[in-house]
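Notes to accompany the following structure.
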Amino acid sequence: MISECKQFKGGQSNPTYLLSGDNKNYVLRRKPPGKLLKSAHAVDREYRVITALENTPVPTPKTYHLCEDPEIIGTAFYIMEYCDGVIYWDPVASEVNTERRKGIFDQLNFGISALHSQDYKKLGLENFGKDGNYIERQISRWSKQYFDSETEALDSMHKLIDWLPHKTPKQKYTTIVHGDYRLDNVVMTSDDKNMAMLDWELSTIGDPLADFGYHCLLWHIGNIDDDAAKNLGIHTEKEYLELYLKRTKMELEREWDFYIIFSLFKVAGICQGILGRVRDGTAASDFAIQMGKRAKMFADLGWEKAKKIS
Numbered sequence: 189m190i191s192e193c194k195q196f197k198g199g200q201s202n203p204t205y206l207l208s209g210d211n212k213n214y215v216l217r218r219k220p221p222g223k224l225l226k227s228a229h230a231v232d233r234e235y236r237v238i239t240a241l242e243n244t245p246v247p248t249p250k251t252y253h254l255c256e257d258p259e260i261i262g263t264a265f266y267i268m269e270y271c272d273g274v275i276y277w278d279p280v281a282s283e284v285n286t287e288r289r290k291g292i293f294d295q296l297n298f299g300i301s302a303l304h305s306q307d308y309k310k311l312g313l314e315n316f317g318k319d320g321n322y323i324e325r326q327i328s329r330w331s332k333q334y335f336d337s338e339t340e341a342l343d344s345m346h347k348l349i350d351w352l353p354h355k356t357p358k359q360k361y362t363t364i365v366h367g368d369y370r371l372d373n374v375v376m377t378s379d380d381k382n383m384a385m386l387d388w389e390l391s392t393i394g395d396p397l398a399d400f401g402y403h404c405l406l407w408h409i410g411n412i413d414d415d416a417a418k419n420l421g422i423h424t425e426k427e428y429l430e431l432y433l434k435r436t437k438m439e440l441e442r443e444w445d446f447y448i449i450f451s452l453f454k455v456a457g458i459c460q461g462i463l464g465r466v467r468d469g470t471a472a473s474d475f476a477i478q479m480g481k482r483a484k485m486f487a488d489l490g491w492e493k494a495k496k497i498s
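Residue numbers (this note's numbering): 189 to 498.
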């Protein structure tokens, strides 16, 4: 018997709630009400991929039930395990000491490495996304979302939309990708020894190096050079990338700069989508306007990097 329901704060996408009752807690995630962009807020896809990963090394919550009937609570939703722990909202977990911070980032690296090491076909996810041409499809998707959500023309975004298709490298690997993997999308146990990966809305089958590049935007957006990384007690970008390549047994040549530029384009598209939801009245957070206004910053940074390798 559920006796209490409280909405979590801080998310920009699918409203999420803590359900309490019978000495046990659960989490409910649902689609927001109102006008939505096509393919956005796919709680059914979240449920499917988390369920498929349950018996793998990938740290995920246990799932319980998916309901796609909008007559029950107004929109589709699913229920999963409540993972008690800490979510670090600061991108570098500034509230902990350097020793703990290094361990947190090692856990982050382990999580995405484990995900990208899974055989998606053996997990029954062979039709979870298209095999191949991931970057091309992503460029098309985020370009469309940008134009559908555009509130003012961003010159750098328009230039990236023209530039990216001509610089896309051949896809070497195909795996499950998370799509939005960062520190505030995981919950850590109080000792930082274990975690659970959250917010799988953008997960699909795709290029793991693009997924990892998006994850590594912290070093670029935060201007974390080698000295800054040392002071923070975290890996340098090169060390973090090498650890990932060692764990996944993947190889990378000269494509890394492209993956970072593509990821800046993607996050600009995400932010613009949030601003579009503010316009349409479907944003799920009080911070949505602030997030949306970051679209220009990310697009400008991406275009500055693109000009250096053009």
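For every residue, glycine included, the Cβ atom is placed at its ideal position computed from N, Cα and C.
Local Cβ density within 10 Å of residue i, reported as buried at 16 or more and exposed below that
{"i": "K426", "result": "exposed"}
{"i": "C404", "result": "buried"}
{"i": "M499", "result": "Because the chain is modelled from 189 through 498, residue 499 falls outside the range shown and cannot be assessed."}
{"i": "G159", "result": "Here the chain comprises residues numbered 189 to 498, so residue 159 is not present and cannot be evaluated."}
{"i": "D350", "result": "exposed"}
{"i": "C271", "result": "buried"}
{"i": "D210", "result": "exposed"}
{"i": "Q326", "result": "buried"}
{"i": "S331", "result": "buried"}
{"i": "K219", "result": "buried"}
{"i": "K454", "result": "buried"}
{"i": "C459", "result": "buried"}
Among the options, the one whose alpha carbon lies nearest that of residue i
{"i": "P247", "options": "I260, R289, D278 and H304", "result": "H304"}
{"i": "T436", "options": "G299, F265, G209 and A240", "result": "G299"}
{"i": "S191", "options": "L440, V237 and L206", "result": "L206"}
{"i": "K318", "options": "G291, E287, G394 and M438", "result": "G394"}
{"i": "G291", "options": "I422, Q359, R329 and H253", "result": "I422"}
{"i": "K484", "options": "D210, T339 and I260", "result": "T339"}
{"i": "K212", "options": "Q306, A281 and M189", "result": "M189"}
{"i": "Y428", "options": "L406, D379 and R442", "result": "L406"}
{"i": "T244", "options": "R233, G273 and D307", "result": "D307"}
{"i": "A494", "options": "H354, D232, M385 and Y266", "result": "H354"}
{"i": "A416", "options": "S282, T239 and Q295", "result": "S282"}
{"i": "W277", "options": "G461, E441, A398 and V374", "result": "V374"}
{"i": "G262", "options": "R465, P221 and D294", "result": "P221"}
{"i": "Y252", "options": "T362, T424, P258 and T239", "result": "T239"}
{"i": "G367", "options": "S208, E234 and P203", "result": "E234"}
{"i": "K358", "options": "R442, L313, L348 and A384", "result": "R442"}
{"i": "K347", "options": "I449, P203, D336 and S391", "result": "I449"}
Beta-bridge pairing of residue i - partner residues as DSSP gives them
{"i": "G394", "result": "T363"}
{"i": "T436", "result": "Answer by DSSP bridge pairing: none, since T436 is not bridged."}
{"i": "S282", "result": "According to DSSP, S282 bridges with nothing at all."}
{"i": "N213", "result": "S208"}
{"i": "V237", "result": "Bridge partners of V237: none, in fact."}
{"i": "V274", "result": "M376"}
Whole-Å CB distance - residue i paired with residue j, under 8 Å assumed
{"i": "I409", "j": "T356", "result": "About 22 Å separates the two Cβ atoms, so there is no contact after all."}
{"i": "L371", "j": "P279", "result": "6 Å"}
{"i": "I412", "j": "V237", "result": "That pair is no contact at about 30 Å."}
{"i": "E242", "j": "K250", "result": "6 Å"}
{"i": "V274", "j": "M376", "result": "5 Å"}
{"i": "D488", "j": "S344", "result": "5 Å"}
Any non-hydrogen atom of the ligand ADP within 6 Å of residue i CB
{"i": "D232", "result": "In the structure shown, the ligand ADP is absent, as is every other ligand, since no ligand is present at all."}
For this session: Within the region 292 to 374, note down every full beta strand (DSSP E) run reaching 3 residues or more, in order along the chain.
Result: As summarised for the region 292 to 374, the continuous beta strand (DSSP E) elements at least 3 residues long and confined to that stretch are 363 to 365, given in chain order.
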